[in-house]
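Number of protein chains: 2
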Amino acid sequence: MLKRENVSLSVIRRLPRYHRFLADLMRTGTTRISSKELSRRMGLTASQIRQDLNCFGGFGQQGYGYNVEQLHREIGLILGLDKQYPAILVGAGNIGRAIALNFDFSQMGFDLIGIFDIDPSIIGMQIGSLKVEDAAGIDAFCREHHPRVAVLTVPRSAAEQMAEQLIHLGVSGFWNFSHYDFSVKYPGVLVENVHLSDSLMTLCYMVRDLSEKETRDN
Amino acid sequence: MLKRENVSLSVIRRLPRYHRFLADLMRTGTTRISSKELSRRMGLTASQIRQDLNCFGGFGQQGYGYNVEQLHREIGLILGLDKQYPAILVGAGNIGRAIALNFDFSQMGFDLIGIFDIDPSIIGMQIGSLKVEDAAGIDAFCREHHPRVAVLTVPRSAAEQMAEQLIHLGVSGFWNFSHYDFSVKYPGVLVENVHLSDSLMTLCYMVRDLSEKETRDN
DNA sequence: TAGATTGTTAATCGATTAACAATC
DNA sequence: TAGATTGTTAATCGATTAACAATC
Chain R
1 MLKRENVSLS
11 VIRRLPRYHR
21 FLADLMRTGT
31 TRISSKELSR
41 RMGLTASQIR
51 QDLNCFGGFG
61 QQGYGYNVEQ
71 LHREIGLILG
81 LDKQYPAILV
91 GAGNIGRAIA
101 LNFDFSQMGF
111 DLIGIFDIDP
121 SIIGMQIGSL
131 KVEDAAGIDA
141 FCREHHPRVA
151 VLTVPRSAAE
161 QMAEQLIHLG
171 VSGFWNFSHY
181 DFSVKYPGVL
191 VENVHLSDSL
201 MTLCYMVRDL
211 SEKETRDN
Chain P
1 MLKRENVSLS
11 VIRRLPRYHR
21 FLADLMRTGT
31 TRISSKELSR
41 RMGLTASQIR
51 QDLNCFGGFG
61 QQGYGYNVEQ
71 LHREIGLILG
81 LDKQYPAILV
91 GAGNIGRAIA
101 LNFDFSQMGF
111 DLIGIFDIDP
121 SIIGMQIGSL
131 KVEDAAGIDA
141 FCREHHPRVA
151 VLTVPRSAAE
161 QMAEQLIHLG
171 VSGFWNFSHY
181 DFSVKYPGVL
191 VENVHLSDSL
201 MTLCYMVRDL
211 SEKETRDN
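Line order of the protein sequences matches chains R and P. The first sequence runs 1 to 218 under UniProt numbering. The second sequence runs 1 to 218 under UniProt numbering.
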């Protein structure tokens with residue numbers, strides 16, 4: 001897993017999906033798989049799978065295919081799931097709590113070490129193994145524990161100011177659930193925007209589009 | 001808004017973002033905007049914005065630009081946000097509850113009319129204006145109310161069976177939060193997959209990649 | 001009218017697919 | 001060895017960007 005250097009984002013975004021399908025295969029006891037068979041299951045082309053994997057090295061063997069367990073492990077290493085970077089979550093409302101409770105951050109390369117909110121009725125609440133802390137203490141916390149990444153589950157109105165504060169405190173990656181779109185403003189900062197409403201609106205378009213076609217066809 | 005027909009998914013996925021930025025502009029009282037200025041704010045090219053919009057019609061005026069309010073409204077119509085289609089949510093765990101509580105479905109083209117779960121300790125729980133119903137009653141409910149779309153927030157193990165059941169009951173669109181990847185298996189069914197763990201893993205890759213570069217540079 | 005900015009066509013770029021020699 | 005399947009190069013396709021005439 002050495003060949004990389006400027007691998008395109010389209011390829012990177014497919015890696016977690018490969019990882020997931022390979023985990024499924026392991027669960028069902030499959031030990032080897034060809035790019036052709038994997039492409040059939042994932043709805044891709046075999047060519048694309050081979051191209052994608054060869055950005056990082058030759059994990060397969062001619063005439064045999066890929067070893068499922070090995071490939072799963074290699075992709076995990078490429079994604080960086082083997083080490084845990086410290087992360088904090090800011091905004092312990094419904095979405096924030098759901099994420100803190102539902103995600104095993106340690107399986108995804110992170111260690112969730114702090115949860116913050118400004119609402120006195122939420123501060124002190126136990127969420128999994130962590131207790132919600134007062135957001136006023138974020139500065140001190142960051143200076144001590146140096147989180148690399150922040151999950152931003154605050155309302156839109158608080159997002160901009162909080163993002164800037166965290167960037168100054170050394171946070172360089174954001175998993176952003178707020179409606180605030182800050183990828184443009186701070187170059188160099190890594191942002192993975194999760195605009196759930198954008199996703200739902202896209203589905204809305206597709207559903208409308210389908211019913212229009214059905215109407216025309218009848 | 002008549003020109004469409006096979007507009008690419010890449011374009012569609014940008015529409016909700018335009019919609020959001022235009023809403024922001026309205027909020028700050030801006031009444032007109034050029035593709036150039038909008039491109040600067042959104043981090044796109046002006047060319048792309050004009051190309052995107054012209055898939056659906058000429059909303060601008062030479063020498064003037066676009067009327068913010070009109071463009072916002074037109075994009076809303078293109079996305080289909082003006083009518084509400086009935087939707088249900090299946091799986092009222094942490095994520096399901098957070099979504100039901102946080103999203104104003106009516107603003108995104110849907111009307112959330114039912115929430116279901118199988119867990120007796122959750123059934124009957126009040127979530128916003130709805131009460132969680134027993135999933136055993138989904139068949140009867142669908143035959144009566146004909147939801148077009150289902151939000152799938154069930155665990156992976158329950159997802160496949162539930163998806164098939166709902167497809168048979170006439171549900172044709174899914175907002176899928178489960179780890180189950182069913183876009184491949186049921187052609188014709190519209191699926192918007194929200195694989196949050198894929199998103200977090202992508203961020204993991206980016207953060208690792210950045211620190212490797214920093215290490216090299218020093 | 002002059003300046004600005006669109007709508008649209010043409011050029012470029014990047015990503016996907018196809019093909020095939022290498023090789024297990 | 002023969003068959004299968006990779007790694008990789010070349011061809012195709014689609015999406016983005018640039019250019020510019022039309023026009024408000």
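Think of the CB as a built atom: it goes at the ideal place given N, C-alpha and C, for glycine as much as any other residue.
Separation of residue 175 of chain R and residue 53 of chain R (C-alpha to C-alpha, rounded to the nearest whole angstrom) is 26 angstroms. Comparing C-alpha distances from residue 133 of chain P to each of P/119, P/143 and P/32 shows the shortest one belongs to P/119. In the three-state reduction of the DSSP assignment, residue 148 of chain P falls in the coil class.
Residues of chain R whose Cβ lies closer than 7 angstroms to the Cβ of residue 198 of chain P are, in chain order, 16 and 17. Of the residues R/76, R/48 and R/110, the one whose Cα lies closest to the Cα of residue 88 of chain R is R/110. A distance below 6 angstroms between beta-carbons, with the five flanking residues on each side excluded, links residue 18 of chain R to the following residues of its chain, in chain order: 75. Closest option to residue 15 of chain R, judged by alpha-carbon separation, among R/48, R/32 and R/37: R/48. Bridge partners of residue 191 of chain P according to DSSP: P/174. Under DSSP, residue 75 of chain R takes part in no beta bridge, so it has no partner. Remark: C-beta atoms of residue 96 of chain P and residue 82 of chain P do not approach each other more closely than 9 angstroms. Residue range 130-134 is occupied by the beta strand (DSSP E) that includes residue 131 of chain R.
The alpha-carbon of residue 148 of chain R is positioned some 47 angstroms away from that of residue 62 of chain P. Separation of the CB atoms of residue 160 of chain P and residue 180 of chain P is rounded to 6 angstroms, and the pair is thereby assigned contact status at 8 angstroms.
For the stretch 30-60 of chain P, the beta-carbon criterion of a distance under 8 angstroms to any beta-carbon of chain R is satisfied by 41, 42 and 43. Against residue 71 of chain P, chain R offers no close residue; the least beta-carbon distance is about 15 angstroms (beta-carbon pairs closer than 8 angstroms). In the DSSP secondary-structure assignment, residue 88 of chain P is bridged to P/114 and P/150.
In the three-state DSSP reduction, residue 127 of chain R falls in the strand class (E or B).
Counting other Cβ atoms within 10 Å of its Cβ, residue 104 of chain P stays below 16 and is therefore classed as exposed.
In the structure shown, residue 180 of chain P falls within a coil segment according to DSSP collapsed to helix, strand and coil. Approximately 17 angstroms separates the beta-carbon atoms of residue 86 of chain R and residue 168 of chain R; this is outside 8 angstroms, ruling out the contact. Per DSSP, residue 186 of chain R has no beta bridge partner at all.
C-alpha of residue 136 of chain R to C-alpha of residue 112 of chain R: approximately 19 angstroms in a straight line.
In terms of beta-carbon proximity, residue 8 of chain R stays away from the interface with chain P, with every pair separated by 9 angstroms or more. Residue range 9-27 is occupied by the alpha helix (DSSP H) that includes residue 18 of chain R, with no beta strand (DSSP E) assigned at that position. At a cut-off of 9 angstroms between C-beta atoms, residue 179 of chain R counts as an interface residue with respect to chain P. Around the C-beta of residue 9 of chain P, fewer than 16 other C-beta atoms lie within 10 Å, and the residue is accordingly described as exposed. The Cβ atoms of residue 45 of chain R and residue 39 of chain R sit closer than 9 angstroms to each other. Taking a C-beta distance under 9 angstroms as the contact criterion, residue 158 of chain R and residue 172 of chain R do not qualify as a contact pair. Here residue 33 of chain P is bridged, per DSSP, to P/66. Closer than 9 angstroms to the CB of residue 142 of chain R there is not a single CB belonging to chain P. Each residue's CA atom was taken as its position, placing residue 194 of chain P and residue 199 of chain R some 8 angstroms apart.
Under a criterion of Cβ atoms nearer than 7 angstroms, the residues of chain P adjacent to residue 148 of chain R are, in order, 207. The beta carbon of residue 170 of chain R is closer than 7 angstroms to those of 142 and 146 in its chain, skipping five residues each way along the sequence.
Taken atom to atom, the span from the alpha-carbon of residue 205 of chain R to that of residue 98 of chain P is near 23 angstroms.
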